[in-house]
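Report on the following structure.
Residue numbers (this note's numbering), protein chains in the order written: chain A, 622 to 850; chain B, 622 to 850.
Structure representation (structure tokens):
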């Protein structure tokens, strides 16, 4: 992966502070990239995620951890950003109310801009199309379409650079992600996955995200290090 | 264009406060859309644009004018957001330093999210591939790729909705845009196109954007109402 002699290739890593993106950062580092971690402050309910992201970025050797603020809360339409919509504690059919409209598109777009400024074409995103909540912007066909658009959108693309959106978790089960992360030294007690975590990063244990996470530890046969309320 | 009896179809209109986007809003209104104008506060040098956008939205009958803040300035890489890079006063070869990495992609992504919240599939953007500065994210092939990605990215897309990114200005000369806007009642003295406008919205008269604008008024045979420093 290292194309410059003596200098590792840079990559932008989308880091939420949850289980998946912490594993993602560990994988990118193992592949030899110099990791530029990017998080967003978008009026999410679970802002303790950002504290988690900061610790994870430091512990897993990110070169820089950048936090970009966007007032998505102003837009409404999701239980994760609109305080008037409750986070459900039962599994839903179809796409749930925790879906944030166009979220991964907004995040990948900003990652694309930063990648261009850094002069790199590698971006990592921890989308998963197996143990997930049915969000449309987690599917391989979406990632392919984003990549094609990115190559047309940018000065780098016009100049012949081809962006590579890495999705190493896309076909992994939650249990496999956890096993891989433990192999790479991820401390999952630091990660916050819960949609309704309290200000100390303690999880509710009831939302979709908590259920997928707890089931993953169970399937992996590993004691769940999550701190619950 | 009006698909609901008695109720106009909503559209999100990207409104910068410049000449092109003011004309865009007037065109969308003439086509019968209920216009939801969207502007961005992204640490741009020319923040007097936002004051202009507010006046234009009100005067051209936007239902709502939303301003989303993003701290793109934090990312660097463009003379429009990085105070350490001067805005050039001569025309450049290739893509100029005023190019903001992935800007239209970030803006369209946020417009897409708001469109989904509003329950509409219509978005207007004032890109122009004729009298423009050579930005890659102003070309028709880019808009097509964004649309394809948008249909895969969203709940609305999964449920069969097809997004329509309207680009009515894309093949128009600056003179044609000005003529069309005047026909539709746009007051161009309110618009701010300059990359280095002062806090009162007065233009420098030297940057690429000022040159294209001045040449447009000249070609259209119309007195230039721009307020210069």
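Where is the CB? At the ideal position from N, CA and C, for every residue including glycine.
Query raised in the report: Which of the residues in the stretch 722-738 of chain B, read from start to end, lie with their CB under 9 Å from any CB of chain A?
Result: 722, 723, 724, 725, 726, 727, 728, 729, 730, 731, 732, 733, 734, 735, 736, 737, 738
Report task. Please work out which residues of its chain come closer than 8 Å, Cβ to Cβ, to residue 810 of chain A, disregarding the five sequence neighbours upstream and downstream, and give them in chain order. Result -> Taking the first chain and counting its residues from 1, the one referred to as residue 810 of chain A is at position 189. So the qualifying residues of the chain are 846, 847, 848.
Query raised in the report: What is the rounded straight-line gap between the Cα of residue 818 of chain A and the Cα of residue 728 of chain A?
Result: Residue mapping note: residue 818 of chain A aligns to position 197 of the first chain, counting from 1. Residue mapping note: residue 728 of chain A aligns to position 107 of the first chain, counting from 1. Their Cα atoms are separated by approximately 21 Å.
Report task. Compute the distance between the beta-carbons of residue 668 of chain A and residue 723 of chain B, then report whether it is under 8 Å. Result -> The sequence position of residue 668 of chain A within the first chain is 47, counting from 1. The sequence position of residue 723 of chain B within the second chain is 102, counting from 1. Not a contact, by the Cβ cut-off of 8 Å.
Query raised in the report: Relative to chain B, which residues along the stretch 770-787 of chain A have a C-beta separation below 9 Å, given in chain order?
Result: Among the residues of the stretch 770-787 of chain A, those with a Cβ less than 9 Å away from any Cβ of chain B are 770, 771, 772, 773, 774, 775, 776, 777, 778, 779, 780, in the order of the chain.
Requested in this report: Just mark residue 821 of chain A as buried or exposed, buried being the case when its beta carbon has 16 or more other beta carbons within 10 Å.
Outcome: Along the first chain, one-based indexing puts residue 821 of chain A at 200. Its Cβ having fewer than 16 others within 10 Å, residue 821 of chain A is exposed.
Query raised in the report: The beta strand (DSSP E) spanning residue 779 of chain A covers which residue range?
Result: Locating residue 779 of chain A in the first chain gives position 158, counting from the first residue. Residue 779 of chain A -> not in any beta strand (DSSP E); alpha helix (DSSP H) instead, spanning 776-779.
**Report entry** Pair within 8 Å by beta-carbon distance, residue 678 of chain B and residue 812 of chain B
**Finding:** For the purposes of this step, residue 678 of chain B is identified with residue 57 of the second chain, where counting begins at 1. For the purposes of this step, residue 812 of chain B is identified with residue 191 of the second chain, where counting begins at 1. For residue 678 of chain B and residue 812 of chain B, no; Cβs fall outside 8 Å.
Query raised in the report: Grouping DSSP H, G and I as helix and E and B as strand, with all else coil, what is residue 843 of chain B?
Result: In the second chain, residue 843 of chain B corresponds to position 222, counting from 1. Reduced to three states, the DSSP call for residue 843 of chain B is coil.
Query raised in the report: What does residue 767 of chain B reach in chain A if we use C-beta pairs closer than 8 Å?
Result: Locating residue 767 of chain B in the second chain gives position 146, where the first residue counts as 1. Near residue 767 of chain B (Cβ distances below 8 Å), the residues of chain A are 770, 774.
Report task. Using 10 angstroms around the beta-carbon of residue 783 of chain A, count the other beta-carbons present and answer buried if the total reaches 16, otherwise exposed. Result -> Mapped onto the first chain, residue 783 of chain A falls at position 162. Residue 783 of chain A is exposed by the Cβ-count criterion.
Query raised in the report: From this set, A:637, A:641, A:764, which residue's C-alpha is nearest residue 837 of chain A's C-alpha?
Result: As a first step, residue 837 of chain A is located in the first chain; it is residue number 216 there, counting from the start. If we check each option's Cα against that of residue 837 of chain A, A:641 comes out closest.
Query raised in the report: Does the count of Cβ pairs from the stretch 778-792 of chain B and the stretch 731-744 of chain B closer than 8 Å reach three?
Result: yes
Query raised in the report: Between residue 841 of chain B and residue 808 of chain B, what straight-line distance do the alpha-carbon atoms span, to the nearest angstrom?
Result: Sequence index remark: in the second chain, residue 841 of chain B carries index 220 (1-based). Sequence index remark: in the second chain, residue 808 of chain B carries index 187 (1-based). Whole-angstrom Cα-Cα distance: 15 Å.
Query raised in the report: Cβ of residue 845 of chain A less than 8 Å from any chain B Cβ?
Result: For this step, residue 845 of chain A is matched to residue 224 along the first chain. No - not a single Cβ of chain B is within 8 Å of the one on residue 845 of chain A.
Query raised in the report: Skipping 5 residues on each side, what residues in its chain have a beta carbon closer than 8 Å to that of residue 735 of chain A?
Result: By 1-based counting over the first chain, the position of residue 735 of chain A is 114. Contacts found: 633, 657, 659, 687.
Query raised in the report: Just checking my contact of residue 757 of chain B with residue 778 of chain A at CB under 8 Å: how many whole Å lie between their CB atoms?
Result: The residue given as residue 757 of chain B occupies position 136 in the second chain. The residue given as residue 778 of chain A occupies position 157 in the first chain. Yes, they are in contact, since the Cβ atoms of residue 757 of chain B and residue 778 of chain A sit about 7 Å apart, within 8 Å.
Query raised in the report: Taking the Cβ atom as the reference point for each residue, do residue 749 of chain A and residue 793 of chain A lie within a distance shorter than 8 Å?
Result: For the purposes of this step, residue 749 of chain A is taken as the residue at position 128 of the first chain. For the purposes of this step, residue 793 of chain A is taken as the residue at position 172 of the first chain. Cβ atoms of residue 749 of chain A and residue 793 of chain A: closer than 8 Å.
Report task. Check whether the Cβ atoms of residue 766 of chain B and residue 773 of chain A lie closer than 8 Å to each other. Result -> In the second chain, the residue the question calls residue 766 of chain B occupies position 145. In the first chain, the residue the question calls residue 773 of chain A occupies position 152. Yes, they are a contact pair.
Query - Counted within 10 angstroms of its Cβ, other Cβ atoms place residue 824 of chain B as buried (16 or more) or exposed - result: Start at 1 with the first residue of the second chain, and residue 824 of chain B comes out as number 203. With 16 or more other Cβ atoms within 10 Å, it is buried.
Requested in this report: Can you tell me which of the three DSSP states residue 691 of chain A falls into?
Outcome: To locate residue 691 of chain A, count along the first chain from 1; it is residue 70. Residue 691 of chain A: strand per DSSP, three-state reduction.
Report task. Mind listing the chain A neighbours of residue 829 of chain B? Cutoff is C-beta to C-beta under 9 Å, in chain order. Result -> For the purposes of this step, residue 829 of chain B is identified with residue 208 of the second chain, where counting begins at 1. None at all; the shortest Cβ gap to chain A is about 15 Å.
**Report entry** Per DSSP, the bridge partner or partners of residue 657 of chain A
**Finding:** To locate residue 657 of chain A, count along the first chain from 1; it is residue 36. For residue 657 of chain A, which the question treats as bridged, DSSP gives the partners A:633, A:685.
Requested in this report: Excluding the 5 residues preceding and the 5 following residue 775 of chain A in the sequence, name in chain order all residues of the same chain whose CB lies nearer than 7 Å to its CB.
Outcome: Here residue 775 of chain A refers to the residue found at position 154 when the first chain is read from its first residue. For residue 775 of chain A, where only same-chain residues beyond five positions count, the Cβ hits under 7 Å are 733, 737.
**Report entry** Those runs of the beta strand (DSSP E) which lie wholly inside the stretch 780-842 of chain A and span at least 3 residues
**Finding:** 785-787
Query raised in the report: How would you call residue 804 of chain A, buried or exposed, if buried means at least 16 neighbouring beta carbons within 10 angstroms?
Result: Locating residue 804 of chain A in the first chain gives position 183, where the first residue counts as 1. Residue 804 of chain A is exposed by the Cβ-count criterion.
Query raised in the report: If you measure from the beta carbon of residue 789 of chain A to each beta carbon in chain B, is any gap under 8 Å?
Result: If you number the first chain from 1, residue 789 of chain A lands on position 168. Taking Cβ atoms only, chain B never reaches closer than 8 Å to residue 789 of chain A, which makes this a no.
Report task. Would you kindly work out how many angstroms separate the C-alpha atoms of residue 673 of chain A and residue 827 of chain A, rounded to a whole number? Result -> Looking up residue 673 of chain A in the first chain gives position 52. Looking up residue 827 of chain A in the first chain gives position 206. So the alpha carbons of these two residues sit roughly 20 Å apart.
Query - Helix, strand or coil at residue 756 of chain B [DSSP, three-state] - result: The residue you call residue 756 of chain B lines up with position 135 of the second chain. In this structure, residue 756 of chain B counts as coil in the three-state DSSP scheme.
Query raised in the report: Can you name the residues of chain A whose CB is closer than 7 Å to the CB of residue 758 of chain B?
Result: Here residue 758 of chain B refers to the residue found at position 137 when the second chain is read from its first residue. Neighbours of residue 758 of chain B on chain A, chain order: 774.
Query raised in the report: By how many angstroms is the C-alpha of residue 770 of chain B removed from the C-alpha of residue 628 of chain B?
Result: For the purposes of this step, residue 628 of chain B is taken as the residue at position 7 of the second chain. For the purposes of this step, residue 770 of chain B is taken as the residue at position 149 of the second chain. Annotation: residue 628 of chain B to residue 770 of chain B spans about 29 Å, alpha carbon to alpha carbon.
Query - Chain-ordered chain B contacts of residue 763 of chain A [CB-CB under 8 Å] - result: Here residue 763 of chain A corresponds to residue number 142 of the first chain, with the count starting at 1. Within chain B, the residues near residue 763 of chain A are 770, 773, 774.
Query raised in the report: Are there 16 or more other CB atoms within 10 angstroms of the CB of residue 739 of chain B, so buried, or fewer, so exposed?
Result: Locating residue 739 of chain B in the second chain gives position 118, counting from the first residue. So residue 739 of chain B ends up on the buried side.
Query raised in the report: Got a sec: which bits of the stretch 673-690 of chain B sit with their beta carbon under 8 Å from any beta carbon on chain A, in order along the chain?
Result: 687, 689, 690
Requested in this report: List the whole-angstrom C-beta distance separating residue 646 of chain B from residue 681 of chain B, where the pair is believed to meet the contact cut-off of C-beta under 8 Å.
Outcome: In the second chain, the residue the question calls residue 646 of chain B occupies position 25. In the second chain, the residue the question calls residue 681 of chain B occupies position 60. Their Cβ separation, rounded to whole angstroms, is 5 Å, which keeps residue 646 of chain B and residue 681 of chain B in contact under 8 Å.
**Report entry** Endpoints, the alpha helix (DSSP H) within which residue 648 of chain B is located
**Finding:** What you label residue 648 of chain B is simply residue 27 of the second chain in a count that begins at 1. Taken as a continuous stretch (DSSP letters only), the alpha helix (DSSP H) holding residue 648 of chain B covers 640-651.
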